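Residue numbers (this note's numbering): 753 to 1014.
For glycine and all other residues, C-beta sits at the position ideal for the given N, C-alpha and C.
Fair warning: this is a prediction, and the values are worked out from it, not measured in the lab.
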């Protein structure tokens, strides 16, 4: 049986590809494979950055496979959505940088998944949006709350209520996308995304600092200011015990540091 999530690694970057063309809609089986791939990348000390993309030229993912959900009962739908949300939370909590490479349309749960990544790179011409309301549904795997935190309550409410599909340029203006890439093919786009990801890998990227930065941002955003600053201080202190921090301090003013992720 063909894998629903292709997993490859090369020089510090793990590429996770949702692979159920034409629209890469996800099922429980795909989410189980994605969950396992995230864990594999977590435990691989040679992986420093994850890149999540979709198969093909037109779609990142349109979210849950509605044909499957039509044939299941509300209890399955609840637990399916719960697991999808847990998988997205695992991606968000992974102490390695995660980049969503939006090769095509990312709508409904597809955008929910992309919002759980730390950075989003979009191919020019893509469309993104939480479009569930136009079907009488709601995003239920974390997309509402992550979009609120990304663009504010009023703007998020308007975008979701109208099932708005944003262009890459509009998403860039809102801060939902961090880079737009011109690419003639899916392969060229993913290569650009991987090249970008590799800038965060050793020897010139400091992955341990990035992992702690993720925790500071995600956990700190839910804390009172004083508690969040205390967390920053604790994480910074722990980082000073690493070989990478010692390399950075030792090379300051003399040469570019060479990090090892240790």
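Please state if the CB of residue j and the CB of residue i are separated by a distance shorter than 8 Å.
i, j, result
"residue 820", "residue 775", "no"
"residue 893", "residue 872", "no"
"residue 952", "residue 801", "yes"
"residue 812", "residue 857", "yes"
"residue 855", "residue 930", "no"
"residue 765", "residue 946", "yes"
"residue 955", "residue 1010", "yes"
"residue 913", "residue 885", "yes"
"residue 911", "residue 924", "no"
"residue 804", "residue 768", "yes"
"residue 970", "residue 844", "yes"
How long is the line joining the alpha carbons of residue i and residue j, rounded to whole angstroms?
i, j, result
"residue 806", "residue 918", "18 Å"
"residue 903", "residue 841", "19 Å"
"residue 753", "residue 908", "The pLDDT assigned to residue 753 is 47, lower than 50, so where the model puts this residue is not dependable, and the model offers no usable value."
"residue 755", "residue 874", "24 Å"
"residue 824", "residue 833", "12 Å"
"residue 987", "residue 870", "18 Å"
"residue 830", "residue 936", "40 Å"
"residue 790", "residue 778", "16 Å"
"residue 940", "residue 979", "44 Å"
"residue 861", "residue 895", "7 Å"
"residue 985", "residue 781", "41 Å"
"residue 816", "residue 836", "9 Å"
"residue 981", "residue 990", "14 Å"
"residue 770", "residue 839", "14 Å"
"residue 1000", "residue 965", "16 Å"
"residue 736", "residue 1002", "Because the chain in this structure spans residues 753 to 1014, residue 736 falls outside the shown range and cannot be described."
"residue 934", "residue 944", "9 Å"
So if DSSP puts residue i in a beta bridge, which residue, or which two residues, is it bridged to?
i, result
"residue 801", "765 and 849"
"residue 759", "768"
"residue 835", "DSSP output for residue 835 lists no bridge partner at all."
"residue 881", "859"
"residue 919", "879"
"residue 956", "Note: residue 956 sits in no beta bridge, so no partner."
"residue 874", "854 and 932"
Alpha carbons only, please: which of the options is nearest the one belonging to residue i?
i, options, result
"residue 822", "795, 889, 839 and 868", "889"
"residue 963", "809, 896, 901 and 1014", "1014"
"residue 757", "906, 808 and 905", "808"
"residue 759", "792, 836 and 780", "792"
"residue 762", "949, 916 and 965", "949"
"residue 983", "968, 864, 958 and 794", "968"
"residue 796", "827, 828, 810 and 848", "848"
"residue 810", "846, 828 and 773", "773"
Next on the checklist: For the structure I just gave you, are there three or more beta carbon pairs, one from the segment 879 to 889 and one from the segment 912 to 929, closer than 8 Å?
Outcome noted: With three or more CB-CB distances shorter than 8 Å, the segment 879 to 889 counts as touching the segment 912 to 929.
Checklist entry - Does the pairing of the segment 780 to 791 with the segment 967 to 987 give three or more beta-carbon distances under 8 Å? => result Output reads no: the segment 967 to 987 does not touch the segment 780 to 791.
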